[in-house]
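Trainee: Residue 4 is where the sequence shown starts when you use the numbering used here, and the numbers rise one by one after that.
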Amino acid sequence: MNKISLLFLISIFFTSCGKEEPILLSIEAMIITNLHAPTTSNPGEPPAGEYIKFSFKKQKTVEGDDWDIAFRATDILINGGTYISNEEPPRTGIAAGYVAIGTYNSVTSVNTTLLNQDSQIGRAIPNGSDNGWYNYNPQNYLITPIAGRTLVFKTHDGRFAKMEIQSYYKDSPENPNAFTDQSATYTFNYTYQPNESVTTF
4 MNKISLLFLI SIFFTSCGKE EPILLSIEAM IITNLHAPTT SNPGEPPAGE
54 YIKFSFKKQK TVEGDDWDIA FRATDILING GTYISNEEPP RTGIAAGYVA
104 IGTYNSVTSV NTTLLNQDSQ IGRAIPNGSD NGWYNYNPQN YLITPIAGRT
154 LVFKTHDGRF AKMEIQSYYK DSPENPNAFT DQSATYTFNY TYQPNESVTT
204 F
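1. So what's LEU38 in DSSP terms, helix, strand or just coil?
2. Identify, in the order they occur along the chain, each residue of the same chain with its Cβ nearer than 6 Å to the Cβ of GLY84, setting aside the five sequence neighbours on each side.
3. Helix, strand or coil: which one does DSSP assign to SER58?
4. Do ILE79 and ASN130 have their CB atoms nearer than 9 Å?
5. Figure out for me which residue from THR77, PRO176 and THR106 has the closest Cα to the Cα of ILE128.
6. Measuring only the C-alpha atoms, how far is PRO25 from ALA32?
7. Under three-state DSSP, which class holds ASN178?
8. Mind checking whether ASN192 and ILE55 have CB atoms under 9 Å apart?
9. Look up TYR171 in the DSSP assignment and say whether it is helix, strand or coil.
10. Please list, in chain order, all residues of the same chain as VAL102 whose beta carbon is under 8 Å from its beta carbon, the five residues on each side excluded.
11. Taking LYS157 and ILE97 to be in contact with their CB atoms under 8 Å, please state how far apart those CB atoms are, rounded to whole angstroms.
12. Can you check which of these residues, ASP184, GLY161, PRO41 and GLU177, is closest to LEU118 by C-alpha distance?
13. Assign GLN62 to one of two classes, buried (16 or more other C-beta atoms within 10 Å of its C-beta) or exposed (fewer than that).
14. Which value, in whole angstroms, describes the spacing of the CA atoms of HIS39 and TYR189?
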């Protein structure tokens, strides 16, 4: 075998090795219990107080700019877009989101055409009874998650997650009481896709 043929074979070997698929990180499924995000206002007044920021990647609440979503009472913000009031944390990321109509298990990919950021016009996850993730019953004052609503997010750094809110009351009581059970206390499960540009769960 001459020198030119040997160099050609070596070139083919390294080229084929360079085409190997990258190793993907595992999808993460988590359950978060009793995340308390209360308002400091009195009943009948507009919500006020600090938003509690959460990172899907870190699986916990955070203090810095690396948050994906933030909670206060029934409000859910995303770290992308613009703020409506000065009480909101500044948006430093590229997060977006939408409410998918479908059971948690049936949402297996992100519809990127539906992703929206928070803006002066409205929030990516709408607030108000029956508008987004919850229903408010004025007869018993209960706030309950709407079955078949899955929240889908692009994170602050461009990954994706889906989330299902299971309860708005501490310890997820089967029959919550708005007068005796601590409210604004979220229990939710979520699935986090840690691989950039991968939109499936």
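All C-beta atoms, glycine included, are put in the ideal place defined by N, C-alpha and C.
Since we're looking at a predicted model, the values are computed, not measured.
Mentor: Looking at the coordinates:
1. On the sequence shown, position 35 is the one that residue 38 refers to. Here LEU38 sits in strand by DSSP.
2. Your numbering for residue 84 matches position 81 in the sequence shown. Contacts found: ARG94, GLN120, ASP121 and SER122.
3. One-based indexing of the sequence shown puts residue 58 at position 55. SER58 falls in the strand class under three-state DSSP.
4. The residue you call residue 79 lines up with position 76 of the sequence shown. The residue you call residue 130 lines up with position 127 of the sequence shown. Cβ atoms of ILE79 and ASN130: closer than 9 Å.
5. Counted from its first residue, the sequence shown places residue 128 at position 125. Residue THR77 is the option with its Cα nearest to ILE128.
6. Here the question's residue 25 lines up with position 22 in the sequence shown. Here the question's residue 32 lines up with position 29 in the sequence shown. For PRO25 and ALA32, the distance between alpha carbons rounds to 22 Å.
7. Along the sequence shown, one-based indexing puts residue 178 at 175. ASN178: coil per DSSP, three-state reduction.
8. As a working note, residue 192 is residue 189 in the sequence shown. As a working note, residue 55 is residue 52 in the sequence shown. Cβ atoms of ASN192 and ILE55: not closer than 9 Å.
9. Taking the first residue of the sequence shown as position 1, residue 171 is located at position 168. Three-state DSSP puts TYR171 in coil, outside helix and strand.
10. Counted from its first residue, the sequence shown places residue 102 at position 99. For VAL102, where only same-chain residues beyond five positions count, the Cβ hits under 8 Å are ILE128, PRO129, GLY135, TRP136, ARG152, THR153, LEU154 and VAL155.
11. The residue given as residue 157 occupies position 154 in the sequence shown. The residue given as residue 97 occupies position 94 in the sequence shown. Confirmed, Cβ separation roughly 7 Å.
12. Within the sequence shown, numbered from 1, the residue matching residue 118 stands at position 115. Among ASP184, GLY161, PRO41 and GLU177, the Cα nearest to that of LEU118 is on GLY161.
13. The count along the sequence shown starts at 1 and reaches residue 62 at position 59. Counting Cβ neighbours within 10 Å, GLN62 comes out exposed, since fewer than 16 surround it.
14. Within the sequence shown, numbered from 1, the residue matching residue 39 stands at position 36. Within the sequence shown, numbered from 1, the residue matching residue 189 stands at position 186. HIS39 and TYR189: Cα-Cα distance of roughly 6 Å.
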